[in-house]
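Single-structure report; data block below.
There are 2 protein chains.
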Amino acid sequence: MDKRFWSSRIQDLEPYIPGEQPKDRVFIKLNTNENPYPPSPKVLEAIRSAADETLRLYPDPEASQLRQTIAEYHGLTPEQVFCGNGSDEVLGLCFYAFFSPGRRVIFPDITYSFYPVYAHLFQLDFEEIPLNEDFSFPVEKFLRGSGGAVVCNPNAPTGRTLPLEEICRILEADPNRVVMVDEAYADFGARSAVELLNRYPNLVTVHTLSKSRSLAGMRVGYALGSPEVMAAVRCVKNSFNSYPLDRLALAAGEAAIRDVEYFEESRRKVMATRERTTARLRELGFFVHDSNANFIFITHPAVGGKELQQGLRDRGVLVRWFDKPRIRDYLRVSIGTDQEMEAMCRACQDILKG
Amino acid sequence: MDKRFWSSRIQDLEPYIPGEQPKDRVFIKLNTNENPYPPSPKVLEAIRSAADETLRLYPDPEASQLRQTIAEYHGLTPEQVFCGNGSDEVLGLCFYAFFSPGRRVIFPDITYSFYPVYAHLFQLDFEEIPLNEDFSFPVEKFLRGSGGAVVCNPNAPTGRTLPLEEICRILEADPNRVVMVDEAYADFGARSAVELLNRYPNLVTVHTLSKSRSLAGMRVGYALGSPEVMAAVRCVKNSFNSYPLDRLALAAGEAAIRDVEYFEESRRKVMATRERTTARLRELGFFVHDSNANFIFITHPAVGGKELQQGLRDRGVLVRWFDKPRIRDYLRVSIGTDQEMEAMCRACQDILKG
Numbered sequence: 018m019d020k021r022f023w024s025s026r027i028q029d030l031e032p033y034i035p036g037e038q039p040k041d042r043v044f045i046k047l048n049t050n051e052n053p054y055p056p057s058p059k060v061l062e063a064i065r066s067a068a069d070e071t072l073r074l075y076p077d078p079e080a081s082q083l084r085q086t087i088a089e090y091h092g093l094t095p096e097q098v099f100c101g102n103g104s105d106e107v108l109g110l111c112f113y114a115f116f117s118p119g120r121r122v123i124f125p126d127i128t129y130s131f132y133p134v135y136a137h138l139f140q141l142d143f144e145e146i147p148l149n150e151d152f153s154f155p156v157e158k159f160l161r162g163s164g165g166a167v168v169c170n171p172n173a174p175t176g177r178t179l180p181l182e183e184i185c186r187i188l189e190a191d192p193n194r195v196v197m198v199d200e201a202y203a204d205f206g207a208r209s210a211v212e213l214l215n216r217y218p219n220l221v222t223v224h225t226l227s228k229s230r231s232l233a234g235m236r237v238g239y240a241l242g243s244p245e246v247m248a249a250v251r252c253v254k255n256s257f258n259s260y261p262l263d264r265l266a267l268a269a270g271e272a273a274i275r276d277v278e279y280f281e282e283s284r285r286k287v288m289a290t291r292e293r294t295t296a297r298l299r300e301l302g303f304f305v306h307d308s309n310a311n312f313i314f315i316t317h318p319a320v321g322g323k324e325l326q327q328g329l330r331d332r333g334v335l336v337r338w339f340d341k342p343r344i345r346d347y348l349r350v351s352i353g354t355d356q357e358m359e360a361m362c363r364a365c366q367d368i369l370k371g
Numbered sequence: 018m019d020k021r022f023w024s025s026r027i028q029d030l031e032p033y034i035p036g037e038q039p040k041d042r043v044f045i046k047l048n049t050n051e052n053p054y055p056p057s058p059k060v061l062e063a064i065r066s067a068a069d070e071t072l073r074l075y076p077d078p079e080a081s082q083l084r085q086t087i088a089e090y091h092g093l094t095p096e097q098v099f100c101g102n103g104s105d106e107v108l109g110l111c112f113y114a115f116f117s118p119g120r121r122v123i124f125p126d127i128t129y130s131f132y133p134v135y136a137h138l139f140q141l142d143f144e145e146i147p148l149n150e151d152f153s154f155p156v157e158k159f160l161r162g163s164g165g166a167v168v169c170n171p172n173a174p175t176g177r178t179l180p181l182e183e184i185c186r187i188l189e190a191d192p193n194r195v196v197m198v199d200e201a202y203a204d205f206g207a208r209s210a211v212e213l214l215n216r217y218p219n220l221v222t223v224h225t226l227s228k229s230r231s232l233a234g235m236r237v238g239y240a241l242g243s244p245e246v247m248a249a250v251r252c253v254k255n256s257f258n259s260y261p262l263d264r265l266a267l268a269a270g271e272a273a274i275r276d277v278e279y280f281e282e283s284r285r286k287v288m289a290t291r292e293r294t295t296a297r298l299r300e301l302g303f304f305v306h307d308s309n310a311n312f313i314f315i316t317h318p319a320v321g322g323k324e325l326q327q328g329l330r331d332r333g334v335l336v337r338w339f340d341k342p343r344i345r346d347y348l349r350v351s352i353g354t355d356q357e358m359e360a361m362c363r364a365c366q367d368i369l370k371g
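Protein chains in written order, with my numbering: chain A, 18 to 371; chain B, 18 to 371.
Following this line, the structure appears as structure tokens:
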């Protein structure tokens with residue numbers, strides 16, 4: 018690649034690689050933690066009614082109504098809410114807003130693999146702290162002072178959860194740094210750190226509507242934090258892109274947050290299927306981490322991760338394998354419908370019979 | 018504001034301030050260069066048919082179909098196309114992708130006021146080259162070597178256009194720097210630099226569907242350039258946000274580009290109204306720059322810019338006034354429907370009678 022016209026800053030940058038989005042859709046798609054259930058019918062109605070001639074006008078750059086709706090849902094004020102184009106954009110803007118060059122940011126070695134990419138992009142110093150042998154969280158190592166900390170909770174791709182008391186210890190250990198808690202998966206059974214927001218001005222939580230609200234296709238994410246801290250993200254966003262959420266994403270986001278009943282039902286189904294799948298895979302000899310997310314992290318003594326992924330792909334099932342140290346023998350499997358998970362388990366059984 | 022938790026990089030950052038989006042909609046809104054005509058009916062159809070259960074799935078991170086459609090429209094290949102969340106995001110990503118710290122980027126002093134904001138945000142050195150007295154473009158000063166150049170053509174907020182021959186001179190003067198030509202308004206009568214793309218590997222053109230395609234509410238923009246140069250923007254985007262365009266924005270964008278007939282009709286109407294309004298305002302004693310954009314830049318010897326803006330606001334007409342040296346006595350007036358422009362002219366007449 019001729020990089021003559023590339024900025025000196027990005028000559029060695031390695032982008033994040035998202036899970037495959039097959040164009041043909043014949044696969045059982047358990048590779049990108051999408052929700053197997055459609056968005057609320059009220060979301061589709063809201064979109065259809067917003068799809069009118071007003072699309073010629075810019076959206077509200079402050080996303081005021083959506084922020085109001087999210088604030089009410091969480092019992093906060095709109096000044097404590099920042100909305101962005103999916104939680105990936107929100108995380109990226111937060112990395113830029115809170116972390117300073119020359120001050121080391123810490124996060125685990127096994128976690129959402131976009132964190133080191135943001136750090137590289139923005140030329141931040143960072144350290145990947147190894148998870149313990151059993152992939153539990155090394156809390157003690159997060160108590161040292163640092164330029165910031167990022168905790169994905171439940172963690173991806175392990176699905177393991179850190180209790181709130183431990184998050185409090187990390188927040189208190191160094192009250193001058195921002196601790197970001199990425200709660201992309203928290204709706205599937207973890208206790209959310211949102212209840213800590215009014216106690217810790219250095220806490221920022223990050224949320225997405227892609228998973229528990231079935232809206233991956235609409236790109237809506239948000240952060241919560243103290244008004245002064247949210248003002249920093251707003252300042253970066255308004256210096257980069259005034260309107261990251263289009264009119265239909267705003268309408269969809271609002272309707273999704275408002276339909277609490279649908280949300281509760283949908284996440285309950287996903288959690289129930291997760292528990293059934295976990296039990297079934299353990300019967301097949303898999304080691305499966307206890308998960309509070311909409312995916313499970315699995316390994317089998319008899320078959321390697323890459324081999325298993327390929328075997329599943331050959332049988333029409335897409336799952337995620339990470340070519341990374343320590344987890345090469347693991348697969349991350351998103352929770353689909355009962356039928357999809359049954360098909361996945363049968364495919365595993367078939368592979369193991371060899 | 019307590020900036021304790023703000024990155025050292027953003028302590029002095031001053032965000033871009035977009036034109037007001039009034040919540041009540043009783044104004045005649047000529048302040049943000051929106052199109053007075055709705056998007057193509059085919060766009061609304063495409064959105065309604067895409068608003069289904071597949072919104073639970075991530076969009077195509079590569080925007081392949083939209084890029085293919087745009088490539089065909091311009092007679093290019095998809096590798097020469099990059100799509101983003103409005104041309105503001107595209108510009109931001111381009112600033113990061115092409116310009117290096119310590120190498121001075123140049124653009125005019127009077128131009129789209131987001132350029133210096135990106136440069137501040139990303140801590141780039143830059144120089145604002147003064148336009149000539151009559152707001153014509155100082156081509157000679159852009160022939161010196163630099164770390165990059167940005168030319169808005171037609172320029173905002175003046176509406177004045179630089180001929181392609183002059184852009185060629187700038188491209189040739191320093192073939193090792195990227196020259197970005199922001200063509201947000203080019204569809205309203207300027208000759209596009211797209212025809213130069215296959216001759217100059219250092220040329221990048223930037224486009225938006227917000228203006229000539231009436232889709233400000235959907236956030237679709239794109240850049241065109243050589244494959245190696247577009248790969249740089251893609252690299253930055255994929256290190257920041259994999260999916261900036263949601264499924265409905267992708268569908269809307271495609272349908273908008275495909276409906277060439279509607280586009281031609283809509284821009285023809287805007288241009289005709291612009292010419293009528295220009296003539297009318299000149300009769301009222303205004304100085305009006307010749308414009309190839311969907312706005313005009315006007316001043317009147319008898320009344321100051323701020324005063325005129327307020328007078329128009331009092332009469333229900335929103336226009337844009339910039340609190341900046343050299344242009345404080347000017348207003349930028351977006352082209353609305355004939356009726357809206359007639360109301361605006363009557364309001365001006367009323368103010369001048371004073």
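The C-beta atom is built at its ideal place from N, Cα and C for all residues, glycine as well.
Quick caveat, the model's predicted, so the values are computed rather than measured.
Where residue i falls: helix, strand or coil (DSSP)
i	result
R349 of chain A	strand
Y239 of chain A	strand
P125 of chain B	strand
L325 of chain A	helix
G333 of chain A	coil
H91 of chain A	helix
T295 of chain B	helix
L47 of chain B	strand
G101 of chain A	strand
I34 of chain A	coil
F303 of chain A	coil
I368 of chain A	helix
T222 of chain A	strand
F312 of chain B	strand
Reference residue i, options the options, closest by Cα
i	options	result
Y202 of chain A	A:E51, A:N193, A:G371, A:D151	A:E51
R194 of chain B	B:V122, B:N215, B:A210	B:V122
P95 of chain B	B:G353, B:Y239, B:R345, B:K323	B:Y239
P118 of chain A	A:S163, A:Y90, A:V305, A:L74	A:S163
S24 of chain B	A:R84, A:D199, A:Q140	A:Q140
G322 of chain A	A:G333, A:A310, A:F304	A:F304
G109 of chain A	A:L93, A:Y90, A:A310, A:Y129	A:Y129
S104 of chain B	B:P53, B:R65, B:A166, B:A233	B:A233
R349 of chain B	B:Q28, B:Y75, B:K40, B:L47	B:L47
Y113 of chain B	A:F22, A:E150, A:V156, A:F131	A:F22
L72 of chain A	B:M358, B:A269, B:D307, B:D331	B:A269
E144 of chain A	A:S153, A:V168, A:F152	A:V168
E157 of chain A	A:L138, A:A136, A:Q327, A:R186	A:R186
L160 of chain B	B:R236, B:A173, B:I184, B:F116	B:I184
8 angstroms contact criterion, which residue i and residue j should meet: CB distance rounded
i	j	result
L220 of chain A	L188 of chain A	6 angstroms
A207 of chain B	T178 of chain B	5 angstroms
P125 of chain B	I146 of chain B	6 angstroms
K254 of chain B	P261 of chain B	7 angstroms
Length of the line joining the Cα atoms of residue i and residue j
i	j	result
M361 of chain A	Y33 of chain A	27 angstroms
E282 of chain B	A272 of chain B	16 angstroms
F99 of chain B	L241 of chain B	6 angstroms
D191 of chain B	D367 of chain B	51 angstroms
T7 of chain A	E300 of chain A	What the structure shows of chain A is the stretch from 18 to 371, and residue 7 of chain A is not part of that stretch, so it cannot be assessed.
E106 of chain B	L267 of chain B	15 angstroms
S231 of chain B	E200 of chain B	15 angstroms
V277 of chain B	H91 of chain B	12 angstroms
A68 of chain A	I64 of chain B	7 angstroms
F131 of chain B	V334 of chain B	24 angstroms
A319 of chain B	A249 of chain A	42 angstroms
M247 of chain B	G101 of chain A	24 angstroms
E292 of chain A	L213 of chain A	28 angstroms
The ligand COA heavy atom lying under 7 angstroms from the CB of residue i
i	result
V223 of chain B	Judged by which ligands are present, the structure shown has none, so any question about the ligand COA falls away.
- In chain order, which continuous runs of the beta strand (DSSP E) of length 3 or greater are located wholly inside the region 160-209 of chain A? 165-169, 196-199
Worksheet item: In chain order, which beta strand (DSSP E) runs of at least 3 residues are fully inside the region 131-163 of chain A?
Response: Listed in chain order, the complete beta strand (DSSP E) runs (minimum 3 residues) inside the region 131-163 of chain A are 143-146.
Length-filtered (3 minimum) beta strand (DSSP E) runs lying within the region 234-278 of chain B:
With a minimum length of 3 residues, the continuous beta strand (DSSP E) runs that stay inside the region 234-278 of chain B are 238-241.
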